[in-house]
Every structure is written in structure tokens, then in C-alpha cells.
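Colleague: Sequential numbering from 2 applies to the sequence shown in my numbering.
Each residue gets a CB set at the ideal place from its N, CA and C atoms; glycine is no exception.
None of the values given here were measured: they were computed from a predicted structure.
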Amino acid sequence: MVVQWVTKKALVIALFSGIGFSSSIFGLIADDNVVLFQGLSGALSFLGLLLYFLLDIGKASRKVGIPFAFAIFLCLLALSISVSLDYPWASPFLCLQASFVILGFMRSSLFSSVSTKDFFTATAMSLSICGTITLAIWIGWRMHINLDLFNWEFDIYAASENDALISHLAKDLEFDFNYSSHCLTNNTNSTDVREAIGACEVLNHVVQKQQWCPAVVGVIDVMSALCCTFMLQAHSGVKRRVSTAEGMLSEQEAQGAARLQAVLKRSLLVVMAIAAIAYAAASTAGSAGIFSQAFYAFGVGGIVTIFGYVYVETDQALLHKLLTQTRFGKIVMQVLRNEWMRAFVVCSFSFGIPTMLLLDRLRQNVRRLRFPNETDIDKFTPAGRRVINELRTWHWSMILRKADIFSVITILLFVGLKGTYVFFSWLNYFLLAAQLDLVAISSLVFAVGLLMFMLPIVPGTAVYLFSGVVLGFYSTSNGLHFGVGIAVGAVLASVLKHVACTGQYFIGYLAGKSVHVQRFVGVDKVPTRAMEMILNKRGFALGKVCILVAGPDFPTSVLCGILKLNIPQMLLGTTPVIVVSIIPQVAVGALLTLPGNEEYSALATVFAFVIQVLATLYVSYRILKTAEENLQSLSQYREEHAQVAELTRRERSYTRKFLEVSSWAKLPIHIKGLLVTTSGILWSAAFVLVIDFMSAQKLCFRRFSMTDRIDDDFASGGLGGNWWNIVLQPLGSIVLVSTLASWQCLECPQLAKHAISCIYLDEDPSGRASKLYLNRFLKMSKYVYKNTKPCKTIGDSVT
């Protein structure tokens with residue numbers, strides 16, 4: 002097993018890092034004709050995957066399946082290499098993920114008789130050895146110049162190895178392009194430097210990937226070893242301990258179910274940690290944005306790997322009994338069947354769901370041709386039929402509505418982040434041009450930061466970076482020490498954070514007086530009460546601190562207000578954010594004003610990133626542990642939540658009838674088409690924005706940071722004097738316009754809902770308001786009117 006891991010890691014390091022010959026590979030793809038190679042490798046990859054699925058190659062003999070899978074891997078590897086200039090981390094991700102796929106194959110075939118403990122103990126040892134060796138090699142390689150882990154000389158040395166790539170990037174420039182003089186300089190007013198910004202961006206991405214790839218590989222190996230060790234503490238010999246017979250769990254089955262329950266809990270924690278990696282990558286990007294692609298890619302791969310681990314290592318019959326006959330299983334199934342969770346699944350896969358069903362139908366047709374006497378007459382395979390039967394039980398009109406909300410939130414976050422950077426850039430240079438003293442400029446930064454903190458879509462990280470950029474640049478421009486700007490910015494941001502938390506708390510406090518808001522956040526539900534129990538602890542309780550520090554800024558403080566927590570204790574628990582987030586991010590913002598400090602900026606970013614991931618993981622663990630240990634007390638009726646219970650009771654009949662009226666089977670075709678079209682447009686817009694965020698080649702918004710100037714030309718990283726130029730045409734405008742148009746269409750279901758509520762809750766005895774809303778809704782559908790018109794008498798009898 003060690004040999005397998007060593008071979009894979011050696012391949013990754015040799016092909017994609019500066020230790021190997023990655024410069025030669027980048028030289029090969031630095032060609033205008035690489036597009037043809039991308040198209041060919043992409044077509045072969047698609048064809049191979051399609052045939053693998055349709056022909057059931059996975060069920061064929063190893064003599065057929067293994068060579069076929071290897072050929073597909075080579076095509077995908079060629080495709081990932083050909084797009085490395087735009088997606089530098091695609092190739093390492095593919096190779097590392099393939100190593101885990103091979104591990105799963107070895108476990109299910111070659112080592113199926115080996116116990117879980119022995120197999121994954123050997124895996125953890127192999128990963129830890131490989132990871133340690135890889136990190137040691139990387140540190141020695143980095144320090145062979147001046148015995149310094151972070152230095153400019155190494156950047157220059159790494160860039161000089163990419164001669165072919167530099168020649169390709171410089172072919173359209175009218176001067177001799179030089180990495181050190183054009184990319185590592187403070188002279189941003191030079192015409193040559195401004196024209197070389199695009200080439201510097203690509204070359205910087207390649208150089209950083211070549212330098213950090215071995216470190217990323219080593220860290221992933223060590224983290225994987227820790228995950229194996231963590232999972233092994235709960236998993237011991239679960240397989241083949243239960244029969245497939247239905248009924249109550251026997252004593253032996255109950256023991257196996259207890260171990261499987263522990264496995265599922267730990268798997269959930271690992272998934273939460275990986276999701277925290279993606280969140281932290283977005284919220285602590287800083288100047289280390291080159292790593293965002295790596296964090297997201299490896300995060301997705303990690304979640305897939307964990308689910309694969311659970312699938313391979315659990316007995317399916319035991320899992321079914323655990324989910325249907327135990328309290329923990331019923332809680333899990335309740336969560337999985339929640340409409341918000343189903344909406345999240347729809348957003349995650351979206352067009353992939355109908356695509357997979359179409360491919361499943363094609364595969365069934367192929368099976369009929371190959372085995373006419375052995376294939377069922379059903380249009381879908383047995384697995385596809387189970388999926389369809391499950392999907393038919395979903396309330397699609399409500400799920401699509403919630404999926405639309407997820408899509409809109411995603412769009413607002415990305416658009417809001419771009420708008421925040423443009424605004425902060427303008428404000429930064431406006432304040433510097435005003436020639437204000439330190440007190441005045443600090444006061445304005447405080448006022449603007451407080452205003453931005455009150456906006457839900459603005460992350461706190463953007464405010465911390467802005468403080469560092471403005472005060473860091475001010476200190477260096479006025480003869481002050483660079484550290485003065487960081488110190489003032491950190492103090493200012495710390496005070497600002499606590500004041501903003503208080504303001505957000507009162508927003509939640511006022512909103513919490515509404516019974517509807519209380520019900521929306523689930524004040525009477527076990528998860529929210531478990532969080533409340535953790536937050537009510539005094540002092541610096543670790544769980545409380547992790548929630549207040551790692552949680553999203555606006556929602557966390559607003560939730561504290563809704564729950565009416567103690568303000569001084571909330572602020573006390575928030576204080577550690579100064580060390581783990583504010584100081585690092587302010588330092589990153591200040592370093593952004595000084596070119597050539599990417600390594601130190603990345604180090605500060607990684608520190609904040611790691612702390613946030615660990616805090617999120619611990620929060621998930623504490624909430625699960627608290628909910629499990631105090632389930633009975635947290636589930637009890639509370640007098641302060643009597644109004645929430647009463648509201649739920651009063652609206653029960655209305656909710657039941659509304660779900661009946663809006664069920665997918667009863668909706669007319671044009672309403673179904675409207676809902677699907679609206680959801681499809683919103684999801685597509687959100688998906689394009691995610692791709693735009695992760696891609697080096699921008700699709701919707703220009704690359705722009707708060708240290709860039711709006712008045713500069715495009716070649717210099719500016720917006721040509723017009724802030725709207727941050728939107729790339731035509732795709733950027735199409736995304737924004739289609740989002741606005743789709744959002745307007747979402748008003749129609751709300752009109753029907755309001756009309757039904759007027760009828761059922763007797764808020765409109767005369768029916769005039771109901772008719773008004775129904776008449777407006779009739780423009781879209783006469784169906785709702787037909788089904789709600791006789792509901793007045795029913796409403797009188799049930800309310």
C-alpha cells in the first residue's frame with residue numbers, strides 16, 4: 002500500500018510541481034493550438050465516460066474494466082493538463098482523487114477479507130509517511146536558496162524555469178518581458194508594468210502552483226491520515242453482522258448499529274469540516290486567491306470520498322434498519338427529507354438529475370439490446386426506477402421555491418462581493434486624495450465599515466481587508482512605519498466588530514418580536530435550542546467562542562438577538578476573533594499594498610483559514626453532542642414559545658390545503674413550465690457565477706481588487722473610469738438581467754399563497770382582498786382560483 006501511495010504522490014510532484022518537470026509541461030501547453038488538443042481530449046473523455054455508463058463496464062470483468070477505466074483517466078488527465086493555465090489545480094486534484102478511487106477498488110476487491118481496522122490502520126500509516134516525506138522534501142527544496150522558506154529569490158528562480166511559457170505570454174507585448182522587473186515591483190505607474198499585468202497574473206498562478214503543490218499534497222495526505230484515524234475510533238467490524246430480514250434489531254444487530262451510528266456521526270463531522278474548508282477559502286481568500294481553486298476542488302473531492310467510504314464500509318441491510326428503527330436514524334431521515342435539504346440537493350445537482358435519468362433510460366435500452374431475455378420491460382433500470390419513485394414523493398413546487406432562494410442568495414453573495422470591492426476601491430483612493438489626518442481617516446473607515454457590517458451580504462473579511470489596505474497605504478505614504486498602519490487597523494477593526502455585533506444583535510432582537518421570525522429560525526427546534534444552550538455559557542467556553550468567531554458575521558449576531566442572549570457575554574465570546582481573524586486579515590490587506598509580499602500574505606491567510614476550519618468543525622461536534630446528550634430537555638414544551646406553537650397549530654389546516662393545492666401532480670402544465678424555467682434560469686446564473694469565481698479566465702466580472710483604481714485602463718487592472726465596466730459583456734449582463742426577470746416571476750406563487758391564507762384564516766371575511774389577489778394570479782393560472790374558490794366553507798369548518 003505504501004508503494005501505491007508513493008507512486009501516486011511521486012507522479013503528482015514530478016508532473017505538476019517545480020521539483021519535477023512541470024515547466025516542460027507548461028511549455029507544451031503554452032501554444033495557441035492547444036485549443037484543438039483540449040477539444041479532442043474533452044471529446045474522448047466524454048465518450049469514454051458515456052460508454053462506461055451505458056455499457057455497464059463497471060460490472061464487466063477486470064480484464065475489460067481496468068484498461069477501460071485507465072484509458073478514461075488518461076483522457077481526463079490530458080484534458081486537465083491542457084487547461085492548466087486557466088485551472089492550475091485541475092491536474093493535481095484529478096490524480097489525488099484517482100488515488101482514493103484506487104484505494105476504494107483495492108478495499109472492495111483485493112482486500113475485502115481484511116478487517117476494517119487493519120486496512121485503514123495501514124492506510125493511515127501509509128498516508129502519514131508519504132505526507133511527512135513530501136513536506137520534508139518541499140521544505141528542503143524551498144530552503145536550498147538562502148535557507149529561507151519565503152523569499153523573492155525563489156519566486157524569480159521558479160519563474161526563470163518557465164522560459165517557454167514566458168515567451169508565449171510575452172509574444173503580444175512590445176517590450177522584453179521580465180518577471181522580476183514587471184511582476185515584483187512597486188512602480189505601478191510604469192506603462193510596461195501596467196501592460197504586463199495579464200501576463201503576470203498567469204505566470205504568478207503557475208509559479209505559485211509549482212511552488213505550493215508539494216505542500217498541498219503533503220498536507221492532504223496528513224489530513225487524510227487523521228481522518229482515517231478519527232473514523233477508526235468508531236468503526237470496527239460492522240460488515241456482515243446483520244441479516245436482511247425485517248423486524249426489530251437483535252442484540253448483535255444493535256451492537257453493530259451502535260458502531261454504524263458512530264461512523265455516520267463522524268462522517269458528518271468530516272463532511273462539515275470539508276464544507277468549512279470551502280467556506281473559509283471564500284471568506285479568507287486575501288492575496289492567496291490562487292489557492293481558492295485548490296480548496297474548493299479538494300473539498301468536493303473529500304466529500305465524495307467520505308460518502309464512498311460510508312458506502313463501501315457499511316452493510317446496506319444494517320444501514321436500512323438503523324435509519325428506520327432507531328431514534329438517531331429517524332432524526333437523520335427527518336433531516337434528509339426536509340424540503341430545505343432536498344432543495345439543496347436540487348441546487349447541487351440541478352440539470353444533472355434529468356441528465357442522469359435520461360442516461361439511465363438509454364442504458365436500459367442498451368441492456369435490452371444486449372440481453373433481451375434478462376432485462377426488465379421497465380423503461381428505467383431498477384436503480385433508476387427507485388430514484389424516480391423517490392422523486393415522485395417530493396413536493397416539487399415548494400422545493401423549487403426553496404431552491405430559488407438558495408440560488409438568489411448565491412447570486413447576491415457573489416454580486417455583493419464584487420460591488421463591495423468596487424466601492425471600497427473608490428473610497429480608498431478618495432480618502433487618500435482628501436489628504437486627511439490619521440484620526441479623520443480612521444473615523445471615516447469606522448463609519449463606512451459599520452455601514453457595511455449592517456448589510457447581510459457583506460462578509461466581515463472584506464471590512465478587515467479594507468481597513469488594512471487604507472491604513473497600511475496611509476502609513477507608508479506619510480512616512481510612518483508599516484506596522485503602525487496594521488496596529489491602527491487592527492484596533493479599529495476590533496472595536497468596529499464589537500459595535501457591529503451589538504447593532505446586529507438589536508436587529509435580531511427587534512425582528513425576534515415577530516412570531517413568524519421565531520418560527521423561521523426554529524426557536525422551538527432541538528438544533529436551535531442546542532445552539533442556544535452553548536451560547537448561554539459564560540466566559541470563554543470553547544463551543545460558544547467557536548460559534549461567535551467562525552460563524553457568518555451578520556446571521557450569527559442576529560440569531561443572538563432573536564434568542565435574547567446576554568450582550569456582554571456575547572461580546573466577550575466574540576473577542577478572540579481579534580487574534581484568529583482580524584489581525585491576520587488586516588495584515589493581509591496592508592500587505593496587498595506592497596507588491597512582493599505574497600508569501601507572507603498567504604501565510605497570514607492560511608493561519609486564519611485553518612483556525613476557521615477547526616472552529617467550524619468543533620462547533621458542528623458540540624451542537625451534535627449537546628443535542629444528543631440533552632435531547633429530552635431540549636424537546637420539552639416551553640412557555641416562552643407558546644405563541645410559536647399556537648401559530649403552527651392555527652396554520653396547520655392552511656398549510657395542509659396549500660400543499661394539496663400546489664402539489665405538482667395537480668398544477669397545470671404552464672405553471673409547471675413557469676416554475677421550472679424560473680428555477681433553471683436562477684440556478685444557471687448562480688452556476689455561471691461560481692465558475693466565474695473559480696476560473697482564472699473571467700466570464701461575468703473582471704478581476705478587480707480593492708487596491709486597483711477604477712480610473713485605470715483595463716490593461717492596468719482598472720475599469721476604464723466606469724464602475725459598470727466590471728461587468729463583462731455580454732454574459733455578465735445576461736446573468737444579471739435574467740436573474741432580475743426570474744425574481745419577478747417568483748411573485749406569482751406568493752399571490753396565490755396570500756389569497757389562500759385570506760380565505761382560510763378568516764383575515765378577509767368579505768373576500769374582497771382575496772378576489773383582488775386571485776384576479777392578479779389568474780393572469781398566470783385559473784387553476785388556483787378553481788381549487789380555492791370553494792375553500793371558504795371548508796375554512797369555516799376547520800379554523
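Given that a residue counts as buried once 16 or more other Cβ atoms are within 10 Å of its Cβ, and exposed if not, what is residue 460?
Modeller: By the neighbour-count rule (16 or more Cβ atoms within 10 Å), residue 460 is buried.
Colleague: Considering Cα atoms alone, identify which of 143, 177, 139 and 200 is closest to residue 166.
Modeller: That would be 200, whose Cα lies nearest to the Cα of residue 166.
Colleague: Taking 8 angstroms as the threshold (C-beta atoms), are residue 530 and residue 635 in contact?
Modeller: Yes. Within cutoff.
Colleague: Here's the rule: buried if 16 or more other CB atoms are within 10 angstroms of the residue's CB, otherwise exposed. What is residue 100?
Modeller: Buried, because 16 or more other Cβ atoms sit within 10 Å of the Cβ of residue 100.
Colleague: To the nearest angstrom, how far is it from the Cα of residue 172 to the Cα of residue 20?
Modeller: Their backbone Cα atoms lie some 27 angstroms apart in a straight line.
Colleague: Determine the DSSP secondary structure at residue 705, reduced to helix, strand or coil.
Modeller: Coil, per DSSP.
Colleague: Where does residue 60 land, buried or exposed, given buried means 16+ other C-beta within 10 angstroms?
Modeller: Exposed, by the Cβ-count rule.
Colleague: On the premise that residue 574 lies in contact with residue 546, defined as a C-beta separation below 8 angstroms, what is that separation, rounded to the nearest angstrom?
Modeller: Yes, they are in contact, since the Cβ atoms of residue 546 and residue 574 sit about 5 angstroms apart, within 8 angstroms.
Colleague: Would you list the one or two residues that DSSP bridges to residue 388?
Modeller: Partner(s): none; residue 388 has no beta bridge.
Colleague: Verify whether the separation of the beta carbon atoms of residue 68 and residue 139 is less than 8 angstroms.
Modeller: In this structure, residue 139 does not lie closer than 8 angstroms to residue 68 by Cβ.
Colleague: Assign residue 687 to one of two classes, buried (16 or more other C-beta atoms within 10 Å of its C-beta) or exposed (fewer than that).
Modeller: Classification of residue 687: buried, given that the 10 Å Cβ count is 16 or more.
Colleague: Span of the alpha helix (DSSP H) holding residue 103?
Modeller: 91-106 is the span of the alpha helix (DSSP H), which, as asked, contains residue 103.
Colleague: Is residue 459 helix, strand or coil when you go by DSSP?
Modeller: Three-state DSSP puts residue 459 in coil, outside helix and strand.
Colleague: If contacts are defined as beta-carbon pairs under 8 angstroms, then residue 710 and residue 426 qualify, I think. What distance do you get, rounded to the angstrom?
Modeller: About 7 angstroms; that satisfies the 8 angstroms criterion.
Colleague: Using 8 angstroms for Cβ pairs, my map puts residue 465 next to residue 552. What's the rounded Cβ distance?
Modeller: Residue 465 to residue 552, Cβ: 16 angstroms. No contact.
Colleague: Is the distance from the Cβ of residue 727 to the Cβ of residue 737 below 8 angstroms?
Modeller: No; because the gap between Cβ atoms is not below 8 angstroms, this pair is not in contact.
Colleague: Buried or exposed, going by whether 16 or more other CB atoms sit within 10 Å of the CB of residue 405?
Modeller: Counting Cβ neighbours within 10 Å, residue 405 comes out buried, since at least 16 surround it.
Colleague: Residue 620 by DSSP, collapsed to three states: which one?
Modeller: Reduced to three states, the DSSP call for residue 620 is helix.
Colleague: Could you pull the start and end residues of the alpha helix (DSSP H) that residue 517 belongs to?
Modeller: Segment 516-522, the alpha helix (DSSP H) holding residue 517.
Colleague: Would you mind giving the Cβ-Cβ distance between residue 562 and residue 624, rounded to the nearest angstrom? I have them listed as a contact below 8 angstroms.
Modeller: Actually they are not in contact, since the Cβ atoms of residue 562 and residue 624 sit about 19 angstroms apart, beyond 8 angstroms.
Colleague: What did DSSP end up calling residue 527 once you bin it into helix, strand or coil?
Modeller: Three-state DSSP puts residue 527 in a helix.
Colleague: Closest to residue 51 by CA distance: which of 357, 111 and 415 is it?
Modeller: Selected option, being the one with the closest Cα: 357.
Colleague: According to DSSP, residue 728 sits in a beta bridge with which residue or residues?
Modeller: DSSP output for residue 728 lists 702 as bridge partner(s).
Colleague: Beta carbon of residue 360: closer than 7 angstroms to some heavy atom of the ligand GDP?
Modeller: Among the ligands in the structure shown, none appear at all, so the ligand GDP cannot be discussed.
Colleague: Thinking C-beta only, is residue 469 closer than 8 angstroms to residue 587?
Modeller: Result yes, Cβ atoms of residue 587 and residue 469 sit closer than 8 angstroms.
Colleague: Between the alpha carbons of residue 95 and residue 230, how many angstroms are there, rounded?
Modeller: Rounded to the nearest angstrom, the two C-alpha atoms are 24 angstroms apart.
Colleague: Is the beta carbon of residue 485 sitting closer than 8 angstroms to the one on residue 443?
Modeller: In this structure, residue 443 does not lie closer than 8 angstroms to residue 485 by Cβ.
Colleague: For residue 733, which residues from the same chain have a beta carbon less than 7 angstroms from its beta carbon, with the 5 sequence-adjacent residues on both sides left out?
Modeller: The residues are 701 and 702.
Colleague: Touch check for the stretch 576-583 and the stretch 493-500: three-plus C-beta pairs under 8 angstroms?
Modeller: Yes, the stretch 576-583 is in contact with the stretch 493-500.
Colleague: Please work out which residues of its chain come closer than 8 angstroms, Cβ to Cβ, to residue 177, disregarding the five sequence neighbours upstream and downstream, and give them in chain order.
Modeller: So the qualifying residues of the chain are 171.
Colleague: Residues in the same chain with beta-carbon distance under 6 angstroms from residue 544, minus the five sequence neighbours each way, listed in chain order, please.
Modeller: Correct list, in chain order: 535 and 623.
Colleague: Could you tell me the boundaries of the alpha helix (DSSP H) in which residue 507 lies?
Modeller: From DSSP, the alpha helix (DSSP H) with residue 507 extends over 483-512.
Colleague: Rounded to whole angstroms, how far is the Cβ of residue 676 from the Cβ of residue 398, which I believe are closer than 8 angstroms?
Modeller: Contact flag correct, Cβ pair sits at about 6 angstroms.
Colleague: Among 548, 225, 342 and 520, which one has its Cα closest to the Cα of residue 122?
Modeller: Closest option to residue 122, Cα to Cα, is 225.
Colleague: Have a look at 656, 559, 695 and 527 and flag the residue whose alpha-carbon is nearest the alpha-carbon of residue 639.
Modeller: Of the candidates 656, 559, 695 and 527, the one whose C-alpha sits nearest the C-alpha of residue 639 is 527.
Colleague: Just to confirm, is the Cβ distance from residue 571 to residue 549 under 8 angstroms?
Modeller: Cβ atoms of residue 571 and residue 549: closer than 8 angstroms.
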